[in-house]
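Number of protein chains: 2
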Amino acid sequence: MDTPKGLGVDAERLFRSLSDLAAAVLDRAGSPELAGVGVGCGGPMRWPEGRVSPLNIPAWRDFPLRARLIERFPGQPVRVHNDAVCAAVGEHWRGAGHGHAAMLGMVVSTGVGGGLILGGQLVDGPTGNAGHIGHVVVDPDGPPCGCGGVGCLEAIARGPALVVWALERGWRPQRARQATGQPTARDLADDARTGDPIGRAALERAGRALGLALAAATALCDLDLVIVGGGLSQAGPLLLVPLEETLRRHTRLDFARRVGVQPAALGQQAGLVGAAALVHAGTRYWHGD
Amino acid sequence: MDTPKGLGVDAERLFRSLSDLAAAVLDRAGSPELAGVGVGCGGPMRWPEGRVSPLNIPAWRDFPLRARLIERFPGQPVRVHNDAVCAAVGEHWRGAGHGHAAMLGMVVSTGVGGGLILGGQLVDGPTGNAGHIGHVVVDPDGPPCGCGGVGCLEAIARGPALVVWALERGWRPQRARQATGQPTARDLADDARTGDPIGRAALERAGRALGLALAAATALCDLDLVIVGGGLSQAGPLLLVPLEETLRRHTRLDFARRVGVQPAALGQQAGLVGAAALVHAGTRYWHGD
């Protein structure tokens, strides 16, 4: 069988796995009537078309995920958005952001992403890319970023960047590594918690960078609330205290002082809950078509 | 006659001047039927109440401008917003931003302010303070800002800050000063245009700071367009070339590259046009009540 131009076998195999998984889940749930299909997927993507090129899924490059799901689930609304946007939506719909008019939900993990809620509605932006807090510049002379820029928040505060920074400064991971294991940001956070000074400095540096970017977002968008989730946010006070200190130092106008910082309430489920909200609360969270 | 508590005689005198001016303008126009009253006023203010405390009008502190105008023009819609917001609205309604879905209009002058349009609508923010691009941090170790923070764009790129920076570095203004005159940012720009190296460096520094803040706004809000107005923007390429260079260096994601930078089309009229738009195009620009 011919593969459509530009789509490799891997892309098809991956979609079939996804499709089989969906079938199994629906079967196990007793084949309920569907309200629709909501998907959070790694970016970048063409939005609202839902042609996805997730950085961490090399098999899909410009893969027409939304179109293929429409074929797979005929007659259903199918809505695809960025995974960090979905996490923000999940927190606004059912999590720590419920009822807030103006919030930024962010995910600090392998990357640094986010989603923006203003006037109680998801802000998509003309290309679906609003909320890219990870590419706010926090140090113009800082490290190069995967985006091709310099000194972006993501280049400093993403987990792998912390690990590199710490190893360069002589961090010796405490925990015995698995045979193939590279040390992770979680290992670094664990070591920081037991007093490793390089680990603590790495988290403090990331926290300060986050605080600067959040101060910018607060001034620009008149935010009520910032929600911080993602793996690295599990580091807790070692990350969040310098974040708060920096944010407070740089948000001094009366209106900006009110901004609150909350940890994500839904944990790893936030993205799934947000994907559901694209369908179940589309008037607030889906303006794609 | 008693003055209401908290309002000095100066506040009343100033309001009477405003009221007399409005009467004279209406009279000269042949007493037309009004559609309403739109006002752009310096911030900060309580919004949408329109209680104003303009930094540059000490006579008004928490002055109930909107309420007083409602008394003065009974039965009319009266709408008051930040002057930089009105300038952005003016450019979107009738100027360089017409038809753009996502733009930031900014004013670089004695202060640095702005207004944010997303989805073709003015974004107010819960307290009416969205668009405060002047308080995006561009240099965490930079100069103190009037807001109480450190390293804000405004602390670096407002006209008077350029003058101070240049004088500290030995700038000797070329143009003969008037007896009482302090050198202004316009003098500095004039000298830069004729080759003064300190003047050029001051404008370049401001341009770079603007570029960094605009890169942040572009990533966060998925902007199509930035419009730069205000007195300092008259400095032209000496300001705008380093602005563009810095913006391009830091906006590398595909979606962000599309952002354009345009000079304001309406000049000093932008704020007035925008104040009119609060009334004449209220569905897009007024969500205050």
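In order, the protein sequence lines correspond to chains P and V. Each residue of the first sequence is one higher than the last, beginning at 1 in the working numbering. Each residue of the second sequence is one higher than the last, beginning at 290 in the working numbering. We treat Cβ as the ideally placed atom computed from N, Cα and C, and that holds for glycine. Since the structure is predicted, the reported quantities are computational estimates derived from the model, not experimental observations.
Own chain, CB closer than 7 Å to residue i, minus 5 neighbours either side, in chain order
i	result
P:G142	V150, G151, A155 and I156
V:R458	I487
V:A564	G327, V328, G329 and C375
Host beta strand (DSSP E) of residue i (start-end)
i	result
V:I516	L514 to G518
P:C147	Counting along the chain, P:C147 falls outside any beta strand (DSSP E), and DSSP gives it neither H nor E.
P:H81	V78 to N82
V:V283	Nothing about residue 283 of chain V can be reported from this structure: the residues present for chain V run from 290 to 578 only.
Cβ shell of residue i (< 6 Å), same chain only, five flanking positions each side left out
i	result
P:V123	L116 and A130
P:R284	Q121
P:E204	P242
P:Q269	none
V:R497	P531 and T535
P:V78	V37, R66, L69 and I70
V:P462	P472 and D476
V:G417	W336
P:R175	D187
V:L442	V401, G423, V425, V427, A498 and A502
P:H250	A215
Residue i vs residue j beta-carbon contact at 7 Å
i	j	result
V:A505	P:V136	yes
V:V326	V:L358	yes
V:L512	V:V550	no
V:G403	V:A373	yes
P:L210	P:G199	no
P:G271	P:C86	yes
P:V279	P:A35	yes
V:L503	V:V515	yes
P:G181	P:L232	no
P:A88	P:G99	no
V:A312	V:A348	no
P:G230	P:V107	yes
P:A219	P:A265	no
V:W382	V:A570	yes
P:S31	P:R72	no
P:V163	P:A192	no
Contacts of residue i in chain P (Cβ-Cβ under 7 Å)
i	result
V:D511	G125, P126, T127, N129 and A130
V:P333	D254
V:V504	Note on identity: in this sequence residue 504 of chain V is Ala, with Val being the wrong assignment. Those are V137, listed as they occur along chain P.
V:A391	G125 and P126
Close-in-space but distant-in-sequence residues of the same chain around residue i (CB under 8 Å, 5 per side omitted)
i	result
P:N56	G42 and T110
P:M1	Caution applies to P:M1, whose pLDDT of 42 falls short of 50 and renders its modelled position unreliable; the value that the coordinates give is listed next. Cβ neighbours of P:M1 beyond the five flanking positions: none.
P:G6	Its pLDDT being 48, under 50, P:G6 is placed unreliably in this model, and the coordinates cannot settle the point.
P:D289	P48
P:P144	V150 and A155
P:L167	P183
Amino acids of chain P, ordered along the chain, whose beta-carbon sits closer than 9 Å to that of residue i
i	result
V:V515	Within 9 Å Cβ-Cβ: nothing; V:V515 doesn't reach chain P, min ~12 Å.
For residue i, the first and last residue of its enclosing alpha helix (DSSP H)
i	result
V:G448	G448 to E457
V:V314	V298 to R317
P:G211	P197 to C221
P:I70	L65 to R72
P:A59	Taken as a continuous stretch (DSSP letters only), P:A59 belongs to no alpha helix (DSSP H), as it is neither H nor E.
P:A130	Taken as a continuous stretch (DSSP letters only), P:A130 belongs to no alpha helix (DSSP H), as it is neither H nor E.
P:R193	A185 to R193
Where residue i meets chain P, residues with beta-carbon distance less than 8 Å
i	result
V:R538	G149 and V150
V:I346	Result: empty, since nearest Cβ-Cβ is about 18 Å, beyond 8 Å.
V:L405	L220 and C221
Contacts of residue i in chain V (Cβ-Cβ under 7 Å)
i	result
P:R252	C436, G437 and G438
P:I133	L509
P:P140	L501
Near the ligand GDP: residue i beta-carbon under 6 Å from a heavy atom
i	result
V:P415	In terms of ligand content, the structure shown is empty, and the ligand GDP therefore cannot be addressed.
Run through the segment 225–286 of chain P for me and flag every whole beta strand (DSSP E) of 3 or more residues, listed as ranges in chain order. 225–229 and 260–263
3 or more residues per run - each beta strand (DSSP E) lying fully within the segment 77–121 of chain P: You should have 78–82, 103–108 and 112–118.
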